[in-house]
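A.B. asks:
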Amino acid sequence: MSKLTPFHVAIPVHDVELARAFYRDILNCPEGRSDKNWVDFNLYGHQFVIHHKPKSETQENHSNNVDGHAVPVPHYGVVLEWLDWEDLAKRLSDHGIEFIIEPHIRFKGQPGEQATMFFLDPCGNALEFKSFRDFGNIFAT
3 MSKLTPFHVA IPVHDVELAR AFYRDILNCP EGRSDKNWVD FNLYGHQFVI HHKPKSETQE
63 NHSNNVDGHA VPVPHYGVVL EWLDWEDLAK RLSDHGIEFI IEPHIRFKGQ PGEQATMFFL
123 DPCGNALEFK SFRDFGNIFA T
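For reference, each letter of the sequence shown is one residue, going 3 to 143 in the numbering used here.
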C-alpha cells in the first residue's frame with residue numbers, strides 16, 4: 003500500500019452521552035453523524051464510532067506483560083506525532099484522567115523506541131496512544 007488510509011473501528015459503550023462528552027471534550031474528536039445509539043467521531047483522521055451496548059454485569063479484564071507493564075487487552079488508539087503525543091498527555095493530565103500506564107518512553111535506545119500511555123474511557127474501554135522517535139521503526143524487530 004503506497005498511501006496510509008483511515009481505519010474504521012466501532013466500540014461498545016454503556017452510556018452514549020458520557021462517552022460522547024469524553025471523546026468530544028477531552029480527546030477533542032470532532033463529531034460526525036449520530037443517532038441515539040451511536041456517534042461517529044474523527045479520531046485523528048480515522049472513523050471512530052461509539053455504539054450503545056448495555057453494561058455487562060461481569061467484565062473480564064486481561065493484560066499481557068510488555069516491557070514490565072501490564073498492558074490491557076483489548077485496547078486501541080492512534081500513533082501520533084511526538085509533539086501531538088506530548089500535548090495529549092498533558093491535556094489528559096490536566097483533565098485528571100487516571101492512567102493505567104503513565105506516559106513514558108518504552109524500549110529506550112532500541113529501534114522501536116516509543117512514547118506510550120494507557121487509560122480508560124468512561125465506559126471502561128482501554129486506549130493506548132503512542133509515538134515513535136522514528137516512524138520508520140514502527141514495525142522494527
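The beta-carbon is built from N, C-alpha and C at its ideal position, and this holds for glycine as well.
Bear in mind the structure is a predicted one, so any value in this text is a computation, not a measurement.
#1: So which of D86, K132, V51, F120 has the shortest CA-CA distance to H71?
#2: Measuring only the C-alpha atoms, how far is F109 from F134?
#3: What does DSSP give as the partner residue(s) for N67 in the beta ladder?
#4: Output the residue ranges of the alpha helix (DSSP H) runs that lie fully inside the region 74 to 102 and measure 4 residues or longer, sorted by chain position.
#5: Does the Cβ of W84 have 16 or more other Cβ atoms within 10 Å, making it buried, or fewer, making it exposed?
C.D. replies: Walking through what the data contain:
#1: Start at 1 with the first residue of the sequence shown, and residue 71 comes out as number 69. The candidate whose alpha carbon is nearest that of H71 is F120.
#2: Translated into positions along the sequence shown, residue 109 becomes position 107. Translated into positions along the sequence shown, residue 134 becomes position 132. Answer to the nearest angstrom: the Cα atoms are 10 angstroms apart.
#3: In the sequence shown, the residue the question calls residue 67 occupies position 65. Bridge partners of N67: A72.
#4: 84 to 96
#5: The residue labelled residue 84 in the question sits at position 82 within the sequence shown. Taking a 10 Å sphere around the C-beta of W84, we find fewer than 16 other C-beta atoms and assign the residue as exposed.
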